[in-house]
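If you count by our numbering, then the sequence shown holds residues 964 to 1180, one letter each, in order. C-beta atoms are modelled at their ideal positions from N, C-alpha and C, and glycine is treated no differently. Keep in mind that this is a model prediction, so the values were computed, not measured. This report concerns only the one structure given below.
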Amino acid sequence: MEIPTKQRKWRAVECGFLFFVLPCALYWIRFQIAFLVVPILIILTTFCLLYLQKAPEFDKTDFFRLEQATGHLRSILVIFFLFGFFFLVFSYLRLSELFLAFPKRRPIIWLIGMILYPILSAVPQEIIFRGFFFHRYGGLFPGRLLLIFFNGLSFGLYHIFFANWYAPLITLLGGWLFAFRYTSSASLLLVAIEHGLWGNFLFTIGLGYYCDSGSIH
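Written out as structure tokens, the structure reads:
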């Protein structure tokens, strides 16, 4: 979205604070707010959803757009199987104590998580980081690649909250992938499907442990 010249400065300050400074600051109060992650996510998602619904320039079909869905779904699966194999082997070799521990030790909770994660986590995060971010701040970045880069960077920064190296690195890569998917599909639904697929997979093989607020130390 084109941003009027008079608003660009303050819009840039707003973006910088909300998506780059704030996630770094949250690291220092992670213990105090660890149990509030879900409520905070719900509140932020509600705000961003209402903003997008009321924004006249936002194309509401972006929520459920399925144009060229077959091609995108094929791409999603190809990327998933190619890179998912790497994460599978890495988890098996380097994180053997966590590998498949979730479904083995708590199968009912794991199954419930597989159902709820895409709905209660992937969808809200995509509304905030792709829908809201791209619409409100996309005009600040001169080009698609810079927009993708900084969007993914912000997504990774928000995961330093978990106080380990795995979470920000994995979500940095995921942020770039999801940002690319959104710029190419203009569909929050497709991006949420891809996000949910990866999230469920990583939690299953053990890497998702590092993105769980219960792992904060």
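When the Cα atoms are used, what is the spatial distance from L985 to T1134?
For the purposes of this step, residue 985 is identified with residue 22 of the sequence shown, where counting begins at 1. For the purposes of this step, residue 1134 is identified with residue 171 of the sequence shown, where counting begins at 1. One C-alpha to the other measures close to 17 Å.
I need the DSSP call for I1006, collapsed to helix, strand or coil.
As a position in the sequence shown, residue 1006 is number 43, starting the count at 1. Here I1006 sits in helix by DSSP.
Which of the three DSSP states is assigned to I1075 in this structure?
Position 112 of the sequence shown holds residue 1075. The answer is helix: DSSP assigns I1075 an H, G or I state.
Is the beta carbon of A1064 sitting closer than 8 Å to the one on G1169?
If you number the sequence shown from 1, residue 1064 lands on position 101. If you number the sequence shown from 1, residue 1169 lands on position 206. Closer than 8 Å, so yes.
Thinking C-alpha only, which one of Y1145, D1175, L1160 and F1164 is nearest L1029?
Counted from its first residue, the sequence shown places residue 1029 at position 66. If we check each option's Cα against that of L1029, Y1145 comes out closest.
Span of the alpha helix (DSSP H) holding Y1055?
Reading the sequence shown from its first residue, position 92 is the one you call residue 1055. That run of the alpha helix (DSSP H) goes A1032 to R1057.
For D1011, does the count of other Cβ atoms within 10 angstroms reach 16, so buried, or fall short, so exposed?
The residue given as residue 1011 occupies position 48 in the sequence shown. Rather than Asp, the amino acid found at residue 1011 in this sequence is Cys. Label assigned to C1011: buried.
Report the rounded CA-to-CA distance for A1085 versus I966, giving the unit in angstroms.
In the sequence shown, the residue the question calls residue 1085 occupies position 122. In the sequence shown, the residue the question calls residue 966 occupies position 3. Rounded to the nearest angstrom, the two C-alpha atoms are 28 Å apart.
Taking only three categories from DSSP, how would you classify R971?
For the purposes of this step, residue 971 is taken as residue 8 along the sequence shown, with counting starting at 1. Helix at R971.
What is the DSSP secondary structure of G1169, reduced to helix, strand or coil?
Counting from 1 along the sequence shown, the entry for residue 1169 is found at position 206. G1169: coil per DSSP, three-state reduction.
Nearest-angstrom Cα distance between I1123 and L999?
As a position in the sequence shown, residue 1123 is number 160, starting the count at 1. As a position in the sequence shown, residue 999 is number 36, starting the count at 1. Straight-line Cα distance between these residues: approximately 16 Å.
Find out if the Cβ-Cβ distance for the pair G1115, G1094 is shorter than 8 Å.
Counted from its first residue, the sequence shown places residue 1115 at position 152. Counted from its first residue, the sequence shown places residue 1094 at position 131. For G1115 and G1094, no; Cβs fall outside 8 Å.
Quick check on L1120: buried or exposed, where buried means 16 or more other Cβ atoms within 10 Å of its Cβ?
As a first step, residue 1120 must be located in the sequence shown, where it is residue number 157. The residue in question, L1120, is buried, as its Cβ has 16 or more Cβ neighbours within 10 Å.
Spatial neighbours of P1131 within its chain, please: CB distance less than 6 Å, with the 5 preceding and 5 following residues excluded, ordered by chain position.
One-based indexing of the sequence shown puts residue 1131 at position 168. These residues qualify, in order along the chain: G1119, H1122 and I1123.
Just mark Q1016 as buried or exposed, buried being the case when its beta carbon has 16 or more other beta carbons within 10 Å.
As a working mapping, residue 1016 is identified with position 53 in the sequence shown. By the neighbour-count rule (16 or more Cβ atoms within 10 Å), Q1016 is not buried but exposed.
Could you tell me the distance, in whole angstroms, from the CA atom of P1081 to the CA atom of L1074?
Your numbering for residue 1081 matches position 118 in the sequence shown. Your numbering for residue 1074 matches position 111 in the sequence shown. Their backbone Cα atoms lie some 12 Å apart in a straight line.
Within 8 Å, do at least three Cβ pairs link the stretch 1099 to 1111 to the stretch 1053 to 1063?
No, the stretch 1053 to 1063 is not in contact with the stretch 1099 to 1111.
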